[in-house]
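Below is one structure; the comments refer to it alone.
2 protein chains.
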Amino acid sequence: MIEDLKTFQTYLKFFPEPEFREELVKYGQVNSFKKGDIIVRDGQYVKFLPIVLKGAIRVYQQKEDREILLYYVRAEETCTMSLAAAYFNNKSSSHGVVTEPTEVLIFPADLIYQWQSKYPSWNKYVIHMFRRRYDELINSFEGIVFDHIPDRVWDYLKRAPLNTENHIHISHQQLAHELGTTRVVISRILKQFEKEKKIKLFRGYIELK
Amino acid sequence: MIEDLKTFQTYLKFFPEPEFREELVKYGQVNSFKKGDIIVRDGQYVKFLPIVLKGAIRVYQQKEDREILLYYVRAEETCTMSLAAAYFNNKSSSHGVVTEPTEVLIFPADLIYQWQSKYPSWNKYVIHMFRRRYDELINSFEGIVFDHIPDRVWDYLKRAPLNTENHIHISHQQLAHELGTTRVVISRILKQFEKEKKIKLFRGYIELK
DNA sequence: TGATGACGGTATCAAAAGATACATAACCAA
DNA sequence: TTGGTTATGTATCTTTTGATACCGTCATCA
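These protein sequences, in sequence, are chains Y and H.
First residue of the first sequence: 3, per this note's numbering; consecutive thereafter.
First residue of the second sequence: 3, per this note's numbering; consecutive thereafter.
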């Protein structure tokens with residue numbers, strides 16, 4: 003718990019008001035999740051507001067057989083879809099799934115009504131998050147409209163988290179899924195990159211050069 | 003001016019607090035614009051917050067030679083990009099252009115800091131607007147990712163404002179622009195629709211059947 | 001009335017991406 | 001080890017979309 007609080011103190015630099023910090027400690031609860039855990043499901047009411055301390059939550063929408071990636075909630079961030087749903091007492095229209103070991107700070111959703119009147123930093127944080135999510139979506143949007151798939155793949159590889167060996171652990175299938183295309187297309191493109199000596203392909207991972 | 007106030011009263015049903023309404027009357031200023039007027043420009047600081055009373059503002063981003071449509075600000079709505087920019091005292095990253103005769107209620111941007119502490123309905127409105135813009139973008143996004151252009155054209159025609167004669171006044175060029183493709187592609191698709199008896203083509207407008 | 005420019009129709013060609021099919025290799029659990 | 005599953009490589013074909021070019025029509029205005 004002390005460990006958690008330390009993490010917590012480090013991360014929540016957005017909220018300077020002392021009373022606010024007290025409230026955060028008082029009402030917040032740190033939960034740990036492992037890869038694959040589901041945080042929210044489409045159709046559920048949202049009663050809690052999450053702020054990620056460590057790790058990542060993948061937020062996406064599902065319609066029929068197709069899936070659309072909205073964003074990843076990473077450290078210091080909150081999930082704007084949850085926030086809006088909680089605010090208006092709507093059911094969630096998105097899924098949230100943990101993609102790596104993750105710690106989340108959880109608050110009863112009702113608190114936000116009080117916070118927004120009492121703590122300016124909260125409003126600032128909320129608007130900042132909405133704005134950022136919006137910009138992220140615009141970026142993906144642009145990518146899809148204007149860039150060819152090879153560019154988008156390359157972009158993905160450059161941004162992807164690397165381990166110390168310059169390895170990206172992802173399968174062609176997953177990559178295709180993230181970019182909204184098919185495995186064959188990705189394999190074709192990656193092979194081309196390999197020919198151009200940009201990467202080296204292995205089973206289960208890609209080495210960036 | 004009385005006319006304006008009446009319009010104003012009708013539209014601002016979102017804000018029930020009497021003191022808030024007083025403030026709105028006190029600080030708000032009604033401006034009229036005509037088609038083609040520019041409300042915000044990329045790179046400008048945003049000092050005023052607009053709420054549209056009547057008409058529409060087209061908000062888009064421009065990068066190099068390409069353009070990306072974000073949304074139209076219509077009656078009762080505000081421009082979330084302006085709001086966020088004003089809030090953080092950033093330059094606007096978008097353009098806002100009036101597309102039809104439009105009346106806009108304009109407020110000094112500083113007021114929002116006070117409003118968000120004093121008037122819960124304001125926060126509700128803001129979060130609602132952000133959420134809606136986000137959903138709109140997701141929709142366009144889905145359209146582009148999953149639908150073929152003919153579907154998107156058809157979708158556009160169904161949503162477009164009709165006059166009493168079932169006519170949509172738009173040129174192929176404009177339509178292509180809105181959907182992010184080229185005139186030839188649109189002409190080709192529309193011609194096909196005409197063959198299928200879904201529409202009838204005229205110079206400058208399209209008749210829906 | 002004649003020049004000009006916006007609008008729309010259509011043909012041809014090329015590029016990008018998806019669909020399908022099949023083969024091979026690595027991994028893993030029984 | 002063996003058989004099933006997952007990951008990857010690759011060829012072929014089709015569809016969709018974009019690019020380009022050229023033409024006719026309509027509206028407007030000097």
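Note that CB positions come from ideal geometry on N, CA and C, so glycine has one too.
- When C-beta distances to chain H are compared with 8 Å, the residues of the region 181-208 of chain Y below that value are G182, in chain order.
- Look at A86/H: its C-beta is under 8 Å from a C-beta on chain Y.
- Residue contact check for I151/H against chain Y: no CB pair falls below 8 Å.
- For N141/Y, the enclosing alpha helix (DSSP H) has its first and last residue at P122 to F148.
- Residues A178 of the same chain have their beta carbon placed closer than 7 Å to that of T184/Y, with the five preceding and five following residues left out of the count.
- At least one C-beta of chain H is nearer than 8 Å to the C-beta of E144/Y.
- Using a C-beta cut-off of 8 Å, the region 147-155 of chain H makes contact with the region 180-194 of chain H, since at least three inter-stretch Cβ pairs fall below that distance.
- Remark: three or more beta-carbon pairs, one from each stretch, lie closer than 8 Å, so the region 74-89 of chain Y and the region 128-147 of chain H are flagged as touching.
- Taking a 10 Å sphere around the C-beta of V100/H, we find 16 or more other C-beta atoms and assign the residue as buried.
- Of all residues in the region 56-72 of chain H, the ones placed with a Cβ closer than 9 Å to any Cβ belonging to chain Y are Q63, K65, R68, I70 and L72, in chain order.
- When V48/Y, N33/Y and Y47/Y are compared, the shortest CA-CA separation from P103/Y is found for N33/Y.
- Listed along chain Y are A86 and Y89, each with a C-beta nearer than 7 Å to that of I129/H.
- Look at S34/Y here: in three-state DSSP terms it is strand.
- Classified as exposed, I40/H has fewer than 16 neighbouring CB atoms from the shown chains inside 10 Å of its CB.
- Closer than 8 Å to the CB of Y158/H there is not a single CB belonging to chain Y.
- Judged by DSSP secondary structure, I208/Y falls within the beta strand (DSSP E) whose first and last residues are Y207 to L210.
- For R76/H, the uninterrupted beta strand (DSSP E) run begins and ends at R68 to R76, by DSSP.
- Between the region 163-170 of chain Y and the region 198-209 of chain Y there are three or more inter-stretch CB-CB distances shorter than 8 Å, so the stretches are counted as touching.
- With contacts defined as CB atoms closer than 8 Å, L71/Y and E180/Y qualify as a contacting pair.
- Residues of the same chain with a CB within less than 6 Å of the CB of E79/Y, apart from the 5 flanking positions on each side, are V54 in chain order.
- DSSP, reduced to helix, strand and coil, places K49/Y outside both helices and strands of the structure shown, so it counts as coil.
- Ranking S94/Y, Q63/Y and R76/Y by CA distance to the CA of G57/Y puts R76/Y first.
- Around the Cβ of V27/H, a 10 Å sphere holds fewer than 16 other Cβ atoms; the residue is exposed.
- Here I140/Y is near Q63/H, since their CB atoms are less than 8 Å apart.
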